[in-house]
Amino acid sequence: MPLTGFIFEFWAMSDPTFWAMVALSAKEGNILLTILCLTIWMLLVQIPLYILEVSLIFNVNEKLIKIASRYLDKNNRKKLSNATRIIISLFLLGIGIYFFIDSLVYLLKGIWLY
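Going by our numbering, the sequence shown opens with residue 794, and the numbers climb by one from there.
And the structure:
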């Protein structure tokens, strides 16, 4: 279980959508809205990790892997080119860095960049 918590924490901290959610929900100044937004984000974005954790607890992870493998084989899609992957990755990284810097400026100066 501690390993899963570590993976969840690393996954959350490296996810640009997490920082976007923190910045956008904190801008409202309502703690209940912030908690609600982060809870919804956590449930939606982290659902694969929760499914994996539950399958490990109930010892059905092999069955889950077979189901996922069948689905992926059946729905085999064309792979993206390396250039497309790099462009998408840089775009998402840029968004994440922007929200991170925006949050950091707010924490240090109390103002939003936008």
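The beta-carbon is built from N, C-alpha and C at its ideal position, and this holds for glycine as well.
Next item on the list: Assuming A819 and T827 form a contact by the criterion Cβ under 8 Å, report the distance between their Cβ atoms to the nearest whole angstrom.
Entry: Here residue 819 refers to the residue found at position 26 of the sequence shown. Here residue 827 refers to the residue found at position 34 of the sequence shown. Indeed, because the Cβ distance is near 6 Å, the residues count as touching under 8 Å.
Checklist line | Inter-residue Cα distance where the pair is L842 and I904 | finding: Residue mapping note: residue 842 aligns to position 49 of the sequence shown, counting from 1. Residue mapping note: residue 904 aligns to position 111 of the sequence shown, counting from 1. Roughly 35 Å separates the two Cα atoms.
Margin query: In whole angstroms, give me the CA-to-CA distance for I858 and Y899.
Written below: Stepping through the sequence shown from its first residue, residue 858 is reached at position 65. Stepping through the sequence shown from its first residue, residue 899 is reached at position 106. About 43 Å.
Margin query: Can you tell me whether D808 is helix, strand or coil according to DSSP?
Written below: One-based indexing of the sequence shown puts residue 808 at position 15. Coil, per DSSP.
Next item on the list: Could you please give the first and the last residue of the uninterrupted alpha helix (DSSP H) stretch that includes K902?
Entry: In the sequence shown, the residue the question calls residue 902 occupies position 109. Per DSSP, K902 belongs to the alpha helix (DSSP H) from 875-902.
Next item on the list: Helix, strand or coil for I821, going by three-state DSSP, please let me know.
Entry: Here residue 821 is taken as the residue at index 28 of the sequence shown, counted from 1. A quick correction: the sequence has Glu, not Ile, at residue 821. Of the three classes helix, strand and coil, the one that applies to E821 here is coil, per DSSP.
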